[in-house]
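K.L.:
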Amino acid sequence: MNQVSKTSVSDATPAEAGPDNVLHESLRDNVRILGDNLGRTIANDLGDDFVDRIETIRALAKRGRREGHEGRAALIDYLRRLPESELLPVTRAFNQFLNLANIAEQHYRSRFRRVEDYRPGFQPRLDELFQRVQEAGHDTHSLVERFASMRIDLVLTAHPTEVVRRTLIQKYDAIDDCLGELETTVDQPEHAERVRGRLAELVSQAWHTDEIRRERPTPVDEARWGFAVIENSLWEAVPQFYRDLDNLLLDNAGERLPLDASPIRFASWMGGDRDGNPNVTAEVTREVVLLGRWMAADLYLRDLEQLKHELSMWRATSVLRAEAGEAAEPYREIIKRLIRRVELTRDWAQARIDGEPFSRREEVIETREQLYAPLLSCYRSLCDCGLDTIANGALLDTLRRVACFGVTLTRLDLRQESTRHTAVFEELLDYLDLGHYGEWDEAQRQRFLLDELGSRRPLIPAHWECSPEARETLETFRVIGNEHAESLGSYVISMAGQPSDVLAVALLMKEMGGDVRLPISPLFETLDDLDRAGDVIEQLLKLPEYRGWIQDRQEVMIGYSDSAKDAGQLAAAWAQYRAQERLVEICHEQGVSLTLFHGRGGTVGRGGGPAHAAILSQPPGSVDNSLRVTEQGEMIRFKFGQPGIAVRSMEIYACAVLEATLLPPPQPKAHWREEMDRLAEKAHGVYTGVVREDPDFVPYFRAVTPETALSRLPLGSRPAKRRQEGGVETLRAIPWIFAWTQTRLMLPAWLGSGEAFAGRIESEEGMARLREMMNEWPFFGTYLDMLEMLLAKSDLDIAAYYEHRLIDEPPLVRLGESLRDRLRRLIEVLLKIRNQERLLENTPLIRQAIEVRNPYIDPLHGLQAELLQRNRDADGAISHELSRALMVTMAGIAAGLRNTG
Ligand code: PGA
1 MNQVSKTSVS
11 DATPAEAGPD
21 NVLHESLRDN
31 VRILGDNLGR
41 TIANDLGDDF
51 VDRIETIRAL
61 AKRGRREGHE
71 GRAALIDYLR
81 RLPESELLPV
91 TRAFNQFLNL
101 ANIAEQHYRS
111 RFRRVEDYRP
121 GFQPRLDELF
131 QRVQEAGHDT
141 HSLVERFASM
151 RIDLVLTAHP
161 TEVVRRTLIQ
171 KYDAIDDCLG
181 ELETTVDQPE
191 HAERVRGRLA
201 ELVSQAWHTD
211 EIRRERPTPV
221 DEARWGFAVI
231 ENSLWEAVPQ
241 FYRDLDNLLL
251 DNAGERLPLD
261 ASPIRFASWM
271 GGDRDGNPNV
281 TAEVTREVVL
291 LGRWMAADLY
301 LRDLEQLKHE
311 LSMWRATSVL
321 RAEAGEAAEP
331 YREIIKRLIR
341 RVELTRDWAQ
351 ARIDGEPFSR
361 REEVIETREQ
371 LYAPLLSCYR
381 SLCDCGLDTI
391 ANGALLDTLR
401 RVACFGVTLT
411 RLDLRQESTR
421 HTAVFEELLD
431 YLDLGHYGEW
441 DEAQRQRFLL
451 DELGSRRPLI
461 PAHWECSPEA
471 RETLETFRVI
481 GNEHAESLGS
491 YVISMAGQPS
501 DVLAVALLMK
511 EMGGDVRLPI
521 SPLFETLDDL
531 DRAGDVIEQL
541 LKLPEYRGWI
551 QDRQEVMIGY
561 SDSAKDAGQL
571 AAAWAQYRAQ
581 ERLVEICHEQ
591 GVSLTLFHGR
601 GGTVGRGGGP
611 AHAAILSQPP
621 GSVDNSLRVT
631 EQGEMIRFKF
641 GQPGIAVRSM
651 EIYACAVLEA
661 TLLPPPQPKA
671 HWREEMDRLA
681 EKAHGVYTGV
691 VREDPDFVPY
701 FRAVTPETAL
711 SRLPLGSRPA
721 KRRQEGGVET
731 LRAIPWIFAW
741 TQTRLMLPAW
751 LGSGEAFAGR
761 IESEEGMARL
771 REMMNEWPFF
781 GTYLDMLEML
791 LAKSDLDIAA
801 YYEHRLIDEP
811 PLVRLGESLR
821 DRLRRLIEVL
831 LKIRNQERLL
841 ENTPLIRQAI
851 EVRNPYIDPL
861 HGLQAELLQR
871 NRDADGAISH
881 ELSRALMVTM
891 AGIAAGLRNT
901 G
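Counted the way the UniProt record's numbering counts, the sequence shown spans residues 1 to 901.
Have a look at this one:
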């Protein structure tokens with residue numbers, strides 16, 4: 001039965017990487033252990049012959065990598081002759097192996113804290129940074145103050161880029177735990193044997209589980225998933241991070257972080273982001289807010305139960321005794337009372353979710369302070385009685401959790417497209433016979449909105465019978481008025497372009513939201529809008545009525561991926577930089593405190609990159625001890641999915657924000673700016689020339705990438721397009737990038753930059769300038785680092801194979817050739833600027849991580865192109881099995897590249 005296959009699916013993986021193998025032995029061992037288990041599982045399920053075939057495919061893929069064209073032809077030939085019934089299991093085998101390799105890598109990274117080895121750029125640790133900052137002349141007390149007032153908001157979003165199902169993520173986490181246990185059981189053979197048995201069981205469970213969801217998650221499912229990350233990882237990681245920070249401050253400054261300080265907090269878009277997602281309704285948002293309250297109460301109850309058991313001390317201050325009513329065990333008494341209220345709060349949330357009445361409303365805990373105060377009394381009393389050791393244990397952890405998570409776990413942001421607000425006013429003014437809002441110019445709109453903002457009388461009639469769309473938009477504003485302010489974060493306006501877009505939201509909030517005023521965050525996400533962002537905010541800040549409304553605080557969101565889709569990555573990056581500079585300047589002039597909210601995705605094309613490098617490459621002055629940034633899809637798992645790695649991620653953020661605040665990057669020199677203007681203009685011209693103006697481009701994109709098949713992958717609750725009608729322009733940035741990643745052309749992130757650089761490196765002066773910028777300006781240096789990493793993941797041969805298999809119309813073939821040619825030339829140019837022989841020469845670990853995965857990804861590409869062709873031949877009516885195989889190829893390639901869209 002439990003026979004060992006002749007070969008495992010992994011037998012030689014990373015170990016075979018060749019003479020300059022730099023992968024750590026423990027990582028190689030773990031990949032081998034997991035691969036062996038998978039091999040045995042597959043052999044048990046489908047037999048040795050099947051495993052032999054997998055092995056043949058893998059050997060052919062490796063030969064293909066070694067020998068080039070001929071070797072690849074043999075692989076393709078073999079794949080094309082596979083019987084139809086084997087396509088799904090073959091894709092599954094490779095996909096699962098890649099996922100297991102990821103677990104081993106992730107495990108290695110969290111255990112050995114060697115993140116810096118995997119990422120270009122320096123990723124400091126807090127203790128090292130602390131020293132550097134002190135050397136630069138900042139005294140220790142001011143550093144403690146910086147941490148105390150630091151505000152980092154990590155905003156978890158439901159962006160549909162997580163391909164791995166939650167049920168599998170749980171199994172993968174359990175596998176990771178087993179790997180950890182195996183490392184500590186060297187001297188306990190029986191225990192090690194048990195762990196190995198469990199590992200085999202988990203790998204087998206994963207193999208016998210569908211890797212693709214059958215149905216799309218609902219927004220509430222997505223929100224539950226977000227809460228699960230808090231429950232399973234952040235709940236433990238947050239106090240641990242603060243404990244580390246506290247110790248560091250104590251050692252270096254002799255001071256502790258104030259008890260209620262919480263430099264890092266979490267916000268969420270899951271259940272609040274309705275932009276282009278009709279499934280997120282006011283009802284959903286309301287339910288998610290309540291679920292957050294329920295979940296928070298449930299988690300605190302676990303803490304409080306533990307505290308009730310442990311805080312059995314009798315020594316207490318008179319203040320606490322008085323509070324506890326002279327009970328023999330005063331701490332227990334206080335905690336017991338708190339437990340009763342938190343239980344009641346949980347019951348209240350449940351009743352509201354179920355739509356049932358609840359009678360003891362006044363006892364429900366509504367605010368962070370209500371939960372915090374009794375715990376603080378206990379803490380103070382313990383400290384005052386000399387029981388500091390006890391106070392600074394589990395009780396301090398709970399206090400830190402309350403400071404970070406409040407009574408809602410996260411603050412839920414709301415996001416809606418600007419046109420939806422405009423549409424409400426069009427309809428309303430029509431109904432009230434006040435004019436045609438849609439036809440008014442900007443000045444007219446502003447006048448109207450400002451007058452209404454200043455008016456005491458309501459504008460929207462209570463019984464207005466409006467369209468369902470307008471009703472839905474208004475209902476969302478009603479949620480703002482009905483829910484407690486601590487539950488909600490910012491109101492983000494996507495595709496914002498004019499001051500009236502912001503004023504419209506302010507007015508709707510006033511009309512429907514009662515007294516609650518959420519920060520309004522216009523999101524600038526096209527090249528034009530980014531260029532205008534400064535003026536828009538300046539105009540707004542000069543309006544006294546608006547200034548009164550915002551109370552000297554302005555939040556602005558920068559959209560990385562849509563601007564890159566709109567203008568190409570290079571031009572977008574420069575526009576984002578300039579917009580931020582201008583915003584900082586204006587807010588400074590106006591005496592308004594600015595929070596920049598960065599809408600970054602995981603991949604390079606969507607503004608992704610290591611947090612530290614990304615933050616340090618922003619304009620000086622833009623990180624003023626505060627940061628808001630999205631954490632999306634699979635990045636949530638990579639950065640916060642497990643406590644160990646989450647602690648490290650928080651440390652990286654705190655370091656980066658402190659460093660960018662106290663040791664900001666240099667102001668760009670005038671000639672760097674000129675250079676960037678020139679490069680961006682050239683790159684933008686090339687990008688639009690191809691993407692917008694070449695009539696063959698869209699047909700090429702549709703024919704050669706799995707774009708249409710992708711929309712069937714049930715990754716998230718939202719549709720792939722903002723609107724049903726329309727072409728590539730309405731396609732969201734995620735599927736746009738996802739599609740290009742699958743064919744390895746990776747076009748959006750580089751198109752245009754090759755020509756821009758090529759024009760400059762011919763002259764000595766041009767080359768010298770680029771190198772100066774690369775070495776001295778973090779913005780440009782990081783841009784090149786990210787470009788290089790992305791180019792290392794691109795693959796000309798694979799891109800050519802998709803074309804070969806999927807298109808034969810001469811103009812499309814010609815376009816494909818020219819695009820690949822541009823990519824080839826860009827790689828040459830970049831290597832010249834870098835003075836390197838090969839890509840990622842200075843970050844061999846990343847290079848190797850990509851190289852060792854290639855023989856597992858190549859067969860998936862071959863099969864994907866094949867399945868796309870069969871799908872096309874059958875007019876989209878391929879069998880259910882084949883359709884699943886196609887989806888698995890997409891998931892597998894994404895796993896192999898550790899990126900989706
Ligand atoms: P959005 O985000 O489509 O939700 O605006 C795009 C992205 O993050 O890539």
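Heads up, the beta-carbon is just placed ideally off N, CA and C, and yes, glycines get one too. Here the structure is a predicted model, which is why all the values come from computation and not from measurement.
Does the beta carbon of Arg578 come closer than 8 Å to any beta carbon on chain B?
P.N.:
Absent here is chain B; the protein component of the structure consists of one chain.
K.L.:
So is the beta-carbon of Ser521 under 7 Å away from any non-hydrogen atom of the ligand PGA?
P.N.:
The answer is no for Ser521.
K.L.:
Quick one: what's got a C-beta closer than 7 Å to Ser500's C-beta in the same chain, skipping five residues either side?
P.N.:
Cβ within range, chain order: Glu442, Arg445, Gln446 and Leu449.
K.L.:
What does the alpha-carbon distance come out to for the pair Val9 and Leu129?
P.N.:
Residue placement at Val9 cannot be trusted, given a pLDDT of 35 that sits under 50; what the coordinates show is reported in the next sentence. So the two alpha carbons sit approximately 43 Å from each other.
K.L.:
Taking 7 Å as the cut-off, is the C-beta of Cys609 nearer than that to any heavy atom in the ligand PGA?
P.N.:
In the sequence under discussion, the amino acid at residue 609 is Gly, which differs from the Cys named in the question. It does not: the Cβ of Gly609 is nowhere closer than 7 Å to a heavy atom of the ligand PGA.
K.L.:
What do you get for Gly226, buried or exposed, if any count of 16 or more other CB atoms within 10 angstroms of its CB means buried?
P.N.:
The residue in question, Gly226, is buried, as its Cβ has 16 or more Cβ neighbours within 10 Å.
K.L.:
So is Gly641 buried or exposed if we call it buried at 16+ other beta carbons inside 10 Å?
P.N.:
When all chains shown are included, Gly641 counts as buried.
K.L.:
Note down the Cα distance separating Glu105 from Leu304, rounded to an integer number of angstroms.
P.N.:
Cα to Cα, Glu105 sits roughly 36 Å from Leu304.
K.L.:
So, are the CB atoms of Thr603 and Asp562 less than 8 Å apart?
P.N.:
No, the pair does not count as a contact, with Cβ atoms beyond the cut-off.
K.L.:
Helix, strand or coil for Gln724 per DSSP?
P.N.:
Coil.
K.L.:
Take every Cβ of the stretch 239-252, pair it with every Cβ of the stretch 723-735, and state whether three or more of those distances are shorter than 8 Å.
P.N.:
No, the stretch 239-252 is not in contact with the stretch 723-735.
K.L.:
Taking 8 Å as the threshold, find out whether the stretch 24-31 comes into contact with the stretch 821-836 through three or more Cβ pairs.
P.N.:
The answer is no - the stretch 821-836 does not touch the stretch 24-31, with fewer than three Cβ pairs under 8 Å.
K.L.:
Given a threshold of 16 other Cβ atoms within 10 Å of its Cβ, counted over all protein chains shown, does His880 qualify as buried or as exposed?
P.N.:
By the 10 Å Cβ count, His880 comes out exposed.
K.L.:
Which first and last residues belong to the alpha helix (DSSP H) in which residue 988 is found?
P.N.:
Since the first residue of the chain shown is 1 and the last is 901, residue 988 is not available in this structure.
K.L.:
By DSSP, does Phe524 sit in helix, in strand, or in coil?
P.N.:
Here Phe524 sits in strand by DSSP.
K.L.:
Output the residue ranges of the beta strand (DSSP E) runs that lie fully inside the stretch 605-647 and measure 3 residues or longer, sorted by chain position.
P.N.:
The qualifying runs are 626-632.
K.L.:
Using the C-alpha atoms, what's the distance from Tyr108 back to Glu116?
P.N.:
Because the pLDDT of Glu116 is 42, which lies under 50, any placement of that residue in the model is unreliable, and the question is left without a value.
K.L.:
So for Asp433, helix, strand or coil by DSSP?
P.N.:
In this structure, Asp433 counts as coil in the three-state DSSP scheme.
K.L.:
Give the range of the beta strand (DSSP E) segment to which residue 922 is assigned.
P.N.:
The chain is shown only over 1 to 901; residue 922 falls outside these bounds and no answer can be derived.
K.L.:
With DSSP run on the structure shown, which of helix, strand or coil describes Met774?
P.N.:
Note: Met774 maps to helix in three-state DSSP.
K.L.:
Helix, strand or coil for Arg265 per DSSP?
P.N.:
DSSP places Arg265 in strand when its eight states are reduced to three.
K.L.:
In the stretch 199-248, which residue ranges form an unbroken alpha helix (DSSP H) of at least 4 residues, counting only runs that do not cross its ends?
P.N.:
Whole alpha helix (DSSP H) segments, 4+ residues: 219-229.
K.L.:
Asp552 and Gly489: beta carbons closer than 8 Å?
P.N.:
No, Cβ-Cβ distance for Asp552 and Gly489 is not below 8 Å.
K.L.:
Let me check understanding here. Comparing Cα to Cα, which of Gln416, Ala462, Thr161 and Thr410 lies closest to Leu432?
P.N.:
Here the closest residue by C-alpha is Ala462.
K.L.:
Relative to the alpha-carbon of Gln569, which residue among Leu679, Met509, Gly47 and Glu222 has its alpha-carbon at the smallest distance?
P.N.:
Here the closest residue by C-alpha is Leu679.
K.L.:
Measure from the alpha carbon of Ser521 to the alpha carbon of each residue in Val342, Ala564 and Ala506, then state which is nearest.
P.N.:
Comparing Cα positions, the closest option is Ala506.
K.L.:
Which whole-angstrom value describes the C-beta separation of Thr476 and Leu156, a residue pair presumed to lie in contact below a C-beta threshold of 8 Å?
P.N.:
Not quite, the Cβ-Cβ distance comes to about 20 Å (not below 8 Å), so this is no contact.
K.L.:
Does Ala12 come out as helix, strand or coil in the three-state DSSP assignment?
P.N.:
With a pLDDT of 35 at Ala12, under the threshold of 50, the modelled position of that residue is not reliable, and the figure given next carries that caveat. In this structure, Ala12 counts as coil in the three-state DSSP scheme.
K.L.:
For Arg63, which residues in the same chain have their Cβ closer than 6 Å to its Cβ, ignoring the five residues on either side in sequence?
P.N.:
These residues qualify, in order along the chain: Gly71.
K.L.:
I'd like to know if the stretch 197-214 and the stretch 624-643 are in contact, where contact means that at least 3 CB-CB pairs between them fall below 8 Å.
P.N.:
No, the stretch 197-214 does not touch the stretch 624-643.
K.L.:
Please find out if some non-hydrogen atom of the ligand PGA comes closer than 7 Å to the beta-carbon of Ile734.
P.N.:
Checking every heavy atom of the ligand PGA against the Cβ of Ile734, one is found closer than 7 Å.
K.L.:
Touching or not, the stretch 212-225 and the stretch 716-727, by the rule of three or more beta carbon pairs under 8 Å?
P.N.:
They touch, by the three-pair rule.
K.L.:
So is the beta-carbon of Gln632 under 7 Å away from any non-hydrogen atom of the ligand PGA?
P.N.:
Yes.
K.L.:
Assuming Asp273 and Arg415 make a contact with CB atoms under 8 Å, what is their CB distance in whole Å?
P.N.:
Yes, they are in contact, since the Cβ atoms of Asp273 and Arg415 sit about 4 Å apart, within 8 Å.
K.L.:
To the nearest angstrom, report how far apart Thr209 and Ala894 are at their CA atoms.
P.N.:
One C-alpha to the other measures close to 18 Å.
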